[in-house]
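**Q** Quick note: the sequence shown uses my numbering, first residue 22, plus one each step.
Here it is, the structure in full.
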Amino acid sequence: MIRVESRTAPAHWAPALVNGDDSGLDPEDAKAAADWTASLAPGHVAGTEEEGPGFLRWHDAAPFAPYAADCAAFIIYFQEESKP
Numbered sequence: 022m023i024r025v026e027s028r029t030a031p032a033h034w035a036p037a038l039v040n041g042d043d044s045g046l047d048p049e050d051a052k053a054a055a056d057w058t059a060s061l062a063p064g065h066v067a068g069t070e071e072e073g074p075g076f077l078r079w080h081d082a083a084p085f086a087p088y089a090a091d092c093a094a095f096i097i098y099f100q101e102e103s104k105p
């Protein structure tokens with residue numbers, strides 16, 4: 022079974038989170054995005070919601086990027102074991 026959740030993070034991380042392309046990020050942002058993604062394990066970022074929350078001071082990635090940012094709502098898939 023797949024559980025779907027939505028989490029907020031800086032929108033400029035989208036190429037790195039969704040496509041694995043961090044070439045547009047500076048090294049500090051690339052590390053923060055990678056660390057946030059790792060913290061979601063076993064979740065997988067699958068995309069973004071069409072309508073984002075906009076500018077947020079407090080977003081779900083704040084432990085890794087502690088500044089306010091224009092944010093997107095990222096769709097996270099979690100694979101869960103099926104119960105018999």
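Virtual Cβ for every residue (Gly too), placed ideally from N, Cα, C.
1) With DSSP as the reference, label H80 as helix, strand or coil.
2) Spatial neighbours of W34 within its chain, please: C-beta separation below 6 Å, excluding the five flanking residues on both sides.
3) Measuring alpha carbon to alpha carbon, tell me which of A90, D42, D81 and L46 ends up nearest I97.
4) Secondary structure at P48, three-state DSSP: helix, strand or coil?
5) So the candidates are K104, F95 and E70; which of them puts its Cα closest to the Cα of L38?
**A** Per the coordinate set shown:
1) Position 59 of the sequence shown, counting from 1, holds the residue named residue 80. Three-state DSSP puts H80 in coil, outside helix and strand.
2) Within the sequence shown, residue 34 is the residue found at index 13, counting from 1. Around W34: A54.
3) As a working note, residue 97 is residue 76 in the sequence shown. Measuring from the Cα of I97, the nearest candidate turns out to be D81.
4) The sequence position of residue 48 within the sequence shown is 27, counting from 1. Here P48 sits in helix by DSSP.
5) Position 17 of the sequence shown, counted from the first residue, corresponds to residue 38. Of all alpha-carbon atoms in K104, F95 and E70, the one lying nearest the alpha-carbon of L38 is that of F95.
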